[in-house]
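Below is one structure, written out as structure tokens; comments come after it.
Number of protein chains: 2
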Amino acid sequence: MRITVCCSDTKVAPWVEGLQAALPEAEVSEWKPGAPPADYAMVWSPPQAFCDDQQQLKGIFNTGAGVDALLKLKLPPDAVVVRLDDAGMSVQMAEFVCHAVIRHFRELDAYERDEAQAKWGFRKPKLRADFPVGVMGLGVLGQRVAQAVASFEFPVRGWSRSPKQVEGVECFSGDEGFRQFLAGTRILVCLLPLTEDTRGIMNRATLSQLLPQAYVINVARGAHLVEDDLLALLDEGHLAGAALDVFRTEPLPPEHRFWTHPKVTVTPHTSARTLREESIAQIARKMRAFSRGEPIAGVVDRKKGY
Amino acid sequence: MRITVCCSDTKVAPWVEGLQAALPEAEVSEWKPGAPPADYAMVWSPPQAFCDDQQQLKGIFNTGAGVDALLKLKLPPDAVVVRLDDAGMSVQMAEFVCHAVIRHFRELDAYERDEAQAKWGFRKPKLRADFPVGVMGLGVLGQRVAQAVASFEFPVRGWSRSPKQVEGVECFSGDEGFRQFLAGTRILVCLLPLTEDTRGIMNRATLSQLLPQAYVINVARGAHLVEDDLLALLDEGHLAGAALDVFRTEPLPPEHRFWTHPKVTVTPHTSARTLREESIAQIARKMRAFSRGEPIAGVVDRKKGY
Numbered sequence: 001m002r003i004t005v006c007c008s009d010t011k012v013a014p015w016v017e018g019l020q021a022a023l024p025e026a027e028v029s030e031w032k033p034g035a036p037p038a039d040y041a042m043v044w045s046p047p048q049a050f051c052d053d054q055q056q057l058k059g060i061f062n063t064g065a066g067v068d069a070l071l072k073l074k075l076p077p078d079a080v081v082v083r084l085d086d087a088g089m090s091v092q093m094a095e096f097v098c099h100a101v102i103r104h105f106r107e108l109d110a111y112e113r114d115e116a117q118a119k120w121g122f123r124k125p126k127l128r129a130d131f132p133v134g135v136m137g138l139g140v141l142g143q144r145v146a147q148a149v150a151s152f153e154f155p156v157r158g159w160s161r162s163p164k165q166v167e168g169v170e171c172f173s174g175d176e177g178f179r180q181f182l183a184g185t186r187i188l189v190c191l192l193p194l195t196e197d198t199r200g201i202m203n204r205a206t207l208s209q210l211l212p213q214a215y216v217i218n219v220a221r222g223a224h225l226v227e228d229d230l231l232a233l234l235d236e237g238h239l240a241g242a243a244l245d246v247f248r249t250e251p252l253p254p255e256h257r258f259w260t261h262p263k264v265t266v267t268p269h270t271s272a273r274t275l276r277e278e279s280i281a282q283i284a285r286k287m288r289a290f291s292r293g294e295p296i297a298g299v300v301d302r303k304k305g306y
Numbered sequence: 307m308r309i310t311v312c313c314s315d316t317k318v319a320p321w322v323e324g325l326q327a328a329l330p331e332a333e334v335s336e337w338k339p340g341a342p343p344a345d346y347a348m349v350w351s352p353p354q355a356f357c358d359d360q361q362q363l364k365g366i367f368n369t370g371a372g373v374d375a376l377l378k379l380k381l382p383p384d385a386v387v388v389r390l391d392d393a394g395m396s397v398q399m400a401e402f403v404c405h406a407v408i409r410h411f412r413e414l415d416a417y418e419r420d421e422a423q424a425k426w427g428f429r430k431p432k433l434r435a436d437f438p439v440g441v442m443g444l445g446v447l448g449q450r451v452a453q454a455v456a457s458f459e460f461p462v463r464g465w466s467r468s469p470k471q472v473e474g475v476e477c478f479s480g481d482e483g484f485r486q487f488l489a490g491t492r493i494l495v496c497l498l499p500l501t502e503d504t505r506g507i508m509n510r511a512t513l514s515q516l517l518p519q520a521y522v523i524n525v526a527r528g529a530h531l532v533e534d535d536l537l538a539l540l541d542e543g544h545l546a547g548a549a550l551d552v553f554r555t556e557p558l559p560p561e562h563r564f565w566t567h568p569k570v571t572v573t574p575h576t577s578a579r580t581l582r583e584e585s586i587a588q589i590a591r592k593m594r595a596f597s598r599g600e601p602i603a604g605v606v607d608r609k610k611g612y
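Each protein sequence line maps, in turn, to chains S and H. Take the first sequence: its letter number 51 is residue 51 in my numbering, and every next letter is one higher. Add 306 to a position in the second sequence, counting from 1, and you land on the number used in my numbering.
This is how it looks when you write it as structure tokens:
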């Protein structure tokens, strides 16, 4: 089996060496224009030239869970697109979201401001029942996050396009379910894939339906959120705050209002990072299974977009 | 059954009314000097005069988990002392400690400082395996906290005076076990009861045995920690930081170095607050069971101190 590796934004060599070590029976090399045709590819944000050059590919294995950037390309016609399932990302996502939920619920930002003034003052504890958490997107990451939040005894709701059942989570689906989901959610967590259906899904019309003083946590893609709508609802007081890890433009431009808005916490797309070793191990397993004709998890439906 | 209620630092009336509603068969009233003798008492930090006045008490039910302040009094000779078991406190403790662990592990304080400068910059993810979390005290609260931290895939260790087994937690006990426990711990969480054995248990000798760059989370009692020893080890660089919710003197005096130390996070004894409704319901259940001669949880061994 011949494998080509094309990763932008990162050093390619450790990925090539790692995959070669995991698949000694294969020939693994870095893609360069005019490289010999390969059977499979391991990629992160490859350029269009890569696809044009490797039209014969049978499988493209993405080193991340989100394939929105990849599906924007004109891909080789027969290539099955496979995304990363978990590879240590779901636990990172769970801890990042739980941290944000707890920090908001327990007013730990406010306590930190008190600390800066050496002020010892209690805040009346709030009731968990008043802070239902709603998770949009119930894939591997969304389910793990929903259950982690539920372990802290928050009421947890979930929404997905097609009906799902997750233990300990009240599940909603489809367009009708979306209204009910929003109307009972106080802390909204976005873990959706980015598709034509979900682009801009957090906008004035939808965010207005959340419970008063709602809080928004976006750890999916910047394009899920209409940024000006969020800012307006924060300033109007319907929303209490937001923790945003992803943005329409990344890096977030220095002049963007999010940086300085007192109700917005900004982190630099760091909620769940690809862990190289785990990712390579998973992709190697899948390439082997796929080449034997065995079923593998994470095969992307190109029409649905995830 | 006649019940007297004596709570300092808080309004007594809602406690009296709440307990009366939960136990309509009893006579519940607020304690005042010279009040008629009662069978049971519900208390929080009562004065010595209360004990002197109510020598006939058969049971004293504390509205908190920690009974160190209560046991400093000369108590009525026959009174069984009963502490609060959980009553909504363990979930608060779990979320508070998980927040502190995640915030430290994921360097979210540093990201927040970056945000203040509109700086978009990644930090290399750390390995969970390098951050073993050690929980001292494996009672109801300690077990819940240890398991909550373990759910985020940190290696978790526990230490208690007598041997215990907690699923998913590597348990140590006694003096010999304490050395091993400390030597493999990077994030130390204190949830011990305050007794003569545990007073000052976090001091230069013990904290020096932690892994380099250790982090200390104290959510038990201020007197567990020798504050100057912690400050010295922070300044010498052996410790990376501390999240402290309890202090030798509370409120923490405005001039205390903890307020301004860049490696110390201060919160005002807020990690787990007594929730009135849950506490009253639990105490009412226990009073009823105790008066029928049934066994109840949370009976304090006055000699051990918890």
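Here a beta-carbon is modelled for each residue, glycine too, at the ideal position from N, C-alpha and C.
Residues within the segment 110-137 of chain S neighbouring chain H, beta-carbon criterion of under 7 Å: Cβ contacts with chain H: 111, 115, 118, 120, 121, 122 and 125.
Beta carbon proximity, residue 585(H) to chain S, threshold 8 Å: The sequence position of residue 585(H) within the second sequence is 279, counting from 1. No Cβ of chain S is located within less than 8 Å of the beta carbon of residue 585(H).
Partner residues on chain S for residue 533(H), Cβ-Cβ distance less than 9 Å: Along the second sequence, one-based indexing puts residue 533(H) at 227. The contact set of residue 533(H) on chain S, defined by CB atoms closer than 9 Å, is empty, because the minimum CB distance reaches about 16 Å.
Distance CB(residue 6(S))-CB(residue 67(S)) smaller than 8 Å: The residue labelled residue 6(S) in the question sits at position 6 within the first sequence. The residue labelled residue 67(S) in the question sits at position 67 within the first sequence. Here residue 6(S) is not near residue 67(S), since their CB atoms are 8 Å or more apart.
Residue of 158(S), 187(S), 166(S) and 186(S) minimising C-alpha distance to residue 178(S): One-based indexing of the first sequence puts residue 178(S) at position 178. Ranking 158(S), 187(S), 166(S) and 186(S) by Cα distance to residue 178(S) puts 158(S) first.
Chain S contacts from the segment 538-568 of chain H (Cβ-Cβ distance under 7 Å): Residues of the segment 538-568 of chain H with a C-beta less than 7 Å from any C-beta of chain S: 557, 558, 560 and 565, listed in chain order.
Residue from 85(S), 70(S) and 56(S) whose Cα sits closest to the Cα of residue 77(S): Sequence index remark: in the first sequence, residue 77(S) carries index 77 (1-based). It is 56(S) whose Cα lies nearest to the Cα of residue 77(S).
Residue 308(H) versus residue 385(H) - alpha carbon distance: In the second sequence, residue 308(H) corresponds to position 2, counting from 1. In the second sequence, residue 385(H) corresponds to position 79, counting from 1. For residue 308(H) and residue 385(H), the distance between alpha carbons rounds to 14 Å.
Candidates 98(S), 89(S), 48(S) and 97(S), of which the one nearest residue 75(S) by Cα: As a first step, residue 75(S) is located in the first sequence; it is residue number 75 there, counting from the start. The candidate whose alpha carbon is nearest that of residue 75(S) is 48(S).
Residue range of the alpha helix (DSSP H) that includes residue 95(S): Numbered from 1 along the first sequence, position 95 holds the residue referred to as residue 95(S). Taken as a continuous stretch (DSSP letters only), the alpha helix (DSSP H) holding residue 95(S) covers 89-105.
CA nearest to the CA of residue 198(S), picked from 210(S), 187(S), 172(S) and 160(S): Counted from its first residue, the first sequence places residue 198(S) at position 198. Measuring from the Cα of residue 198(S), the nearest candidate turns out to be 160(S).
Proximal residues of chain S, C-beta to C-beta of residue 393(H) below 8 Å: For the purposes of this step, residue 393(H) is identified with residue 87 of the second sequence, where counting begins at 1. Neighbours of residue 393(H) across chain S, judged by C-beta separation under 8 Å, do not exist; the nearest C-beta is about 12 Å away.
Boundaries of the beta strand (DSSP E) in which residue 309(H) is found, first to last residue: Counting from one through the second sequence, the residue named residue 309(H) turns up at place 3. First-last of the beta strand (DSSP E) with residue 309(H): 308-313.
CB of residue 297(S) within 8 Å of CB of residue 22(S), strictly: The residue you call residue 297(S) lines up with position 297 of the first sequence. The residue you call residue 22(S) lines up with position 22 of the first sequence. For residue 297(S) and residue 22(S), no; Cβs fall outside 8 Å.
Range of the contiguous beta strand (DSSP E) that encloses residue 215(S): Here residue 215(S) corresponds to residue number 215 of the first sequence, with the count starting at 1. DSSP places residue 215(S) in the uninterrupted beta strand (DSSP E) bounded by 214-218.
Collapsed DSSP secondary structure at residue 173(S) in the structure displayed: Here residue 173(S) corresponds to residue number 173 of the first sequence, with the count starting at 1. Correct three-state label for residue 173(S): strand.
Segments assigned beta strand (DSSP E), at least 3 residues, entirely inside the segment 198-285 of chain S: Listed in chain order, the beta strand (DSSP E) elements of length 3 or more contained wholly in the segment 198-285 of chain S are 214-218, 239-244 and 264-266.
C-alpha gap between residue 587(H) and residue 559(H), whole angstroms: In the second sequence, the residue the question calls residue 587(H) occupies position 281. In the second sequence, the residue the question calls residue 559(H) occupies position 253. Taking the Cα positions, residue 587(H) is about 35 Å away from residue 559(H).
Residues that DSSP places opposite residue 111(S) in a beta bridge: Start at 1 with the first residue of the first sequence, and residue 111(S) comes out as number 111. For residue 111(S), which the question treats as bridged, DSSP gives no partner whatsoever.
Chain H contact for residue 268(S) (CB, 8 Å cutoff): Within the first sequence, numbered from 1, the residue matching residue 268(S) stands at position 268. Yes, because at least one Cβ of chain H sits closer than 8 Å to the Cβ of residue 268(S).
CB of residue 300(S) within 8 Å of CB of residue 82(S), strictly: Against the first sequence, residue 300(S) aligns to sequence position 300. Against the first sequence, residue 82(S) aligns to sequence position 82. For the 8 Å CB-CB criterion, residue 300(S) and residue 82(S) form a contact.
Reduced DSSP secondary structure (H/G/I, E/B, other) of residue 31(S): One-based indexing of the first sequence puts residue 31(S) at position 31. Annotated three-state conformation of residue 31(S) is coil, per DSSP.
Interface flag, residue 98(S) vs chain H, CB-CB below 8 Å: Indexing the first sequence from 1 puts residue 98(S) at position 98. Yes, because at least one Cβ of chain H sits closer than 8 Å to the Cβ of residue 98(S).
Residue range of the unbroken alpha helix (DSSP H) whose run includes residue 656(H): Because chain H is modelled from 307 through 612, residue 656(H) falls outside the range shown and cannot be assessed.
Proximal residues of chain H, C-beta to C-beta of residue 108(S) below 7 Å: Within the first sequence, the letter at position 108 stands for residue 108(S). Listed along chain H, the residues sitting closer than 7 Å to residue 108(S) by beta-carbon distance are 405.
Contacts around residue 207(S), its chain only, beta-carbon distance under 6 Å, and the 5 residues preceding and following it disregarded: If you number the first sequence from 1, residue 207(S) lands on position 207. So the list reads 233, once near-sequence residues are dropped.
Any chain S beta carbon closer than 8 Å to residue 409(H): Taking the first residue of the second sequence as 1, we reach residue 409(H) at position 103. Yes, its Cβ sits closer than 8 Å to a Cβ of chain S.
Own chain partners of residue 495(H) with C-beta closer than 6 Å, once the 5 adjacent residues on each side are dropped: Counting from 1 along the second sequence, the entry for residue 495(H) is found at position 189. Result list for residue 495(H): 403, 441 and 523, in chain order.
Short CB-CB distance (under 8 Å) between residue 457(H) and chain S: For the purposes of this step, residue 457(H) is identified with residue 151 of the second sequence, where counting begins at 1. Taking Cβ atoms only, chain S reaches closer than 8 Å to residue 457(H), which makes this a yes.
Within chain S, partners of residue 536(H) - CB distance below 8 Å: Translated into the one-based positions of the second sequence, residue 536(H) becomes position 230. Scanning chain S for C-beta atoms nearer than 8 Å to the C-beta of residue 536(H) yields nothing, as the closest lies near 17 Å away.
Within 8 Å of chain H by C-beta, residues of the segment 61-75 of chain S in sequence order: So nothing in the stretch comes that close.
Selected residue, minimal CA-CA separation from residue 264(S), among 152(S), 11(S), 247(S) and 25(S): Within the first sequence, numbered from 1, the residue matching residue 264(S) stands at position 264. Looking at the Cα atoms, 247(S) is the closest of the given residues.
Beta carbon proximity, residue 390(H) to chain S, threshold 8 Å: If you number the second sequence from 1, residue 390(H) lands on position 84. Between residue 390(H) and chain S, the shortest Cβ-Cβ separation is not below 8 Å.
Buried versus exposed call for residue 113(S) [16 or more other C-beta atoms within 10 Å across all chains shown]: As a working mapping, residue 113(S) is identified with position 113 in the first sequence. Result: exposed.
Between the CA atoms of residue 185(S) and residue 360(H) - distance to the nearest angstrom: As a first step, residue 360(H) is located in the second sequence; it is residue number 54 there, counting from the start. As a first step, residue 185(S) is located in the first sequence; it is residue number 185 there, counting from the start. Each residue's Cα considered, the two are about 50 Å apart.
Close beta carbons around residue 139(S), own chain, < 6 Å, minus the five adjacent residues each side: Residue 139(S) sits at position 139 when you count from the first residue of the first sequence. Within its own chain, no residue has a Cβ closer than 6 Å to the Cβ of residue 139(S) once the five positions on either side in sequence are excluded.
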